[in-house]
């Protein structure tokens, strides 16, 4: 599914990713944990094509498609989805209109006809009930004035709607209370399938007790320093990162 | 307030001779025609005397326009459309008007003066959409029972000026001024306002948005004046500007002169470009570069079509916005990258 090989990236003069390699097979859920500043969020932004980062070496291939040669929208249409750690507020762009544009962009890329408002509302109803988002938020501006929990639910709603092959969830648990975390986690679990892979970026083991990963990676200084199963997350929870990073 | 000169307050350097030359020649001299002026809800009328003492000192353009203009006598509801290739100087007294709409497509310079002592709710919407120079200059006083909702859209004009000089002269009167500048090429668009709160408990809101493209220039020069004893005044000015090209310029001069104690006044101005983060976010969901770009510009201006404007005029504004978006958003826009 996703293969990252020796990825080197920087922002301005500062190198952040230093030859990172990672392979996520189809249907698997991987988690990346790591201390602050280890480059976890940078990895997600580089993969999704954030304009501020420069990739200087390495590759990232999703189902045979080289992502790093593509514009952000082409990556999305190739099946990549990033749930943002801090979803961007866009005043003046109505949430539902935006969702419809994004959905239709994906349909067009697959050679399907665009849906009108009525058909789109039908397409949206399934994802809406999965995520349990207050429907009133559909008529509001995109993420504008949403609470932390509402923003994260709106990210997962977009994911459920756009049906990606590879979803990266960047600290989807941050800013969520325990009930919201359960809802978001169960929505993600409902989307698990043999054709879809997930990469969870998190600081805390707690998320991983709700969304059980197949593989856990520890990242430090822009590379993966240790890989294991979910026991590794529990061990980090108890012992901190120092023992992994030093060894 | 004796000794207050409007033009000193809002335009201390008398630069209009140079920068507004295309209008100066129209306003000060030359013959004008009535061809191409279509009036629905009114007709031609005689000059109405305007006591300038009502308005302190009249705005730059009002006085010369009043002296030489063709007068229109508007009814309760009046729609004026301007077209053709002859210069036009018009003046309207709004003493008994409730709704006035002006749409200007003329390819020659046009000057319109709006004056009146208003004791009724009045709504004015102005849409200018040709390259020709234009000035709409108003001097209005709101007395008991009066209120004003005004909306002006300027685009394309090589020299487009809207002036709003308004005296709030009775308690409880209110003013809402909205303006939109859609700059292209070398257009030069100006909105100047002078609101004088003279008595207690009056309210005013001003919102002027501009989008700049090419080498366009936009200026908002707005003064709120709160006189001695005008307690309970509530007056705000906002002027957000969006620049799409490196050579587009936006100048913002919101000003407050407050001589009373118990007032609520605020002003704010911003100048920004299309946000890289917002743009990337939309594209990361599959929207194309240009789709996302257009969506962000549209988001900036979408609230500038007031509900009180006549539906036909609303459609005209939306159509101007639509053409503007397709004009400034081809794939090769030299924005961020």
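Chains as they are written, first to last, in my numbering: chain A, 15 to 261; chain B, -8 to 328.
All C-beta atoms, glycine included, are put in the ideal place defined by N, C-alpha and C.
Listed by chain order, chain B residues near residue i by CB distance under 7 Å
i	result
residue 31 of chain A	Those within 7 Å of residue 31 of chain A in chain B number zero; the least Cβ separation is about 18 Å.
residue 47 of chain A	Going along chain B, no residue has its Cβ under 7 Å from residue 47 of chain A, so there is no contact; the nearest lies around 24 Å.
residue 102 of chain A	268, 269, 272
residue 120 of chain A	277
residue 62 of chain A	275
residue 116 of chain A	276, 277, 278
residue 36 of chain A	Within chain B, no residue comes near residue 36 of chain A; the closest Cβ sits about 20 Å away, beyond 7 Å.
Buried or exposed (CB count within 10 angstroms, at least 16 for buried), residue i
i	result
residue 169 of chain B	buried
residue 320 of chain B	buried
residue 6 of chain B	Residue confidence is low: residue 6 of chain B scores 49 on pLDDT, short of 50, so the model does not pin down where it sits. No coordinate-derived value is stated.
residue 255 of chain B	exposed
residue 68 of chain A	exposed
residue 34 of chain A	buried
residue 23 of chain A	buried
residue 70 of chain A	exposed
residue 128 of chain B	buried
residue 132 of chain A	exposed
residue 192 of chain A	exposed
residue 3 of chain B	Annotation note: pLDDT 43 at residue 3 of chain B (below 50); position unreliable, coordinate value reported separately. With fewer than 16 Cβ atoms within 10 Å of its Cβ, residue 3 of chain B is classed as exposed.
residue 30 of chain A	buried
residue 328 of chain B	Residue placement at residue 328 of chain B is flagged as unreliable, the pLDDT there being 27, under the threshold of 50; a coordinate-derived value is accordingly withheld.
residue 245 of chain A	exposed
Test item: CB-CB of residue i and residue j under 9 Å
i	j	result
residue 257 of chain B	residue 232 of chain B	no
residue 152 of chain A	residue 109 of chain A	yes
residue 149 of chain B	residue 181 of chain B	no
residue 198 of chain A	residue 167 of chain A	yes
residue 11 of chain B	residue 36 of chain B	no
residue 174 of chain A	residue 141 of chain A	yes
residue 104 of chain B	residue 118 of chain B	no
residue 188 of chain A	residue 252 of chain A	no
residue 196 of chain B	residue 161 of chain B	no
residue 16 of chain A	residue 38 of chain A	yes
residue 120 of chain A	residue 277 of chain B	yes
residue 296 of chain B	residue 312 of chain B	yes
residue 92 of chain A	residue 84 of chain A	yes
residue 201 of chain A	residue 52 of chain A	no
residue 23 of chain B	residue 60 of chain B	yes
residue 130 of chain B	residue 53 of chain B	yes
residue 182 of chain A	residue 95 of chain A	yes
residue 36 of chain A	residue 25 of chain A	no
residue 32 of chain B	residue 69 of chain B	yes
residue 163 of chain A	residue 194 of chain A	yes
Pick from the options that is closest to residue i, judged by C-alpha positions
i	options	result
residue 67 of chain B	B:55, B:102, B:30	B:30
residue 289 of chain B	B:180, B:192, B:173, B:94	B:173
residue 116 of chain A	A:147, A:88, A:140	A:88
residue 201 of chain B	B:22, B:25, B:227, B:315	B:315
residue 105 of chain A	B:310, B:312, B:304, B:292	B:292
residue 250 of chain B	B:219, B:83, B:279	B:219
residue 136 of chain A	A:126, A:114, A:124	A:114
residue 247 of chain B	B:264, B:159, B:253, B:226	B:226
residue 276 of chain A	A:19, A:25, A:31, A:48	With chain A running from 15 to 261 in the structure shown, residue 276 of chain A is simply not present.
residue 113 of chain B	B:264, B:85, B:101	B:85
residue 187 of chain B	B:134, B:125, B:89	B:134
Neighbour list for residue i in chain B, Cβ cutoff strictly below 9 Å
i	result
residue 87 of chain A	273, 274, 275, 276, 277, 278, 279, 280, 282, 283
residue 183 of chain A	Within chain B, no residue comes near residue 183 of chain A; the closest Cβ sits about 14 Å away, beyond 9 Å.
residue 176 of chain A	276, 277
residue 90 of chain A	274, 275, 276, 277, 278
residue 201 of chain A	Correct list: empty, because the minimum Cβ distance to chain B is about 17 Å.
Proximal chain A residues relative to residue i, where beta-carbon distance stays under 7 Å
i	result
residue 185 of chain B	Those do not exist, as residue 185 of chain B stays about 30 Å from chain A at its closest Cβ, beyond 7 Å.
residue 291 of chain B	106
residue 253 of chain B	By Cβ distance, chain A contributes nothing, its closest Cβ being about 31 Å from residue 253 of chain B, past 7 Å.
residue 267 of chain B	65
residue 286 of chain B	107
Chain A contact residues for residue i, given Cβ-Cβ distances below 9 Å
i	result
residue 91 of chain B	By Cβ distance, chain A contributes nothing, its closest Cβ being about 29 Å from residue 91 of chain B, past 9 Å.
Residue i: contacting residues in chain B (beta-carbon distance under 8 Å)
i	result
residue 327 of chain A	With chain A represented from 15 up to 261, any question about residue 327 of chain A goes unanswered, as that position is not in the structure.
residue 172 of chain A	276
residue 281 of chain A	Residue 281 of chain A lies beyond the stretch modelled for chain A, which goes from 15 to 261, so this question has no answer here.
residue 205 of chain A	Chain B residues near residue 205 of chain A: none, gap ~16 Å exceeds 8 Å.
residue 96 of chain A	275
The ligand SAM heavy atom lying under 8 Å from the CB of residue i
i	result
residue 94 of chain A	In terms of ligand content, the structure shown is empty, and the ligand SAM therefore cannot be addressed.
Does the pairing of the region 129 to 145 of chain B with the region 158 to 178 of chain B give three or more beta-carbon distances under 8 Å?
yes
Below 8 Å, how does it come out for the region 266 to 274 of chain B and the region 234 to 246 of chain B: are there three or more Cβ pairs, yes or no?
Judged by Cβ distances under 8 Å, the region 266 to 274 of chain B makes no contact with the region 234 to 246 of chain B, as fewer than three pairs qualify.
Is the region 35 to 48 of chain A close to the region 227 to 237 of chain A, with three or more CB pairs under 8 Å?
A contact exists between the region 35 to 48 of chain A and the region 227 to 237 of chain A.
Count Cβ pairs between the region 175 to 190 of chain B and the region 199 to 216 of chain B that sit closer than 8 Å; are there 3 or more?
yes
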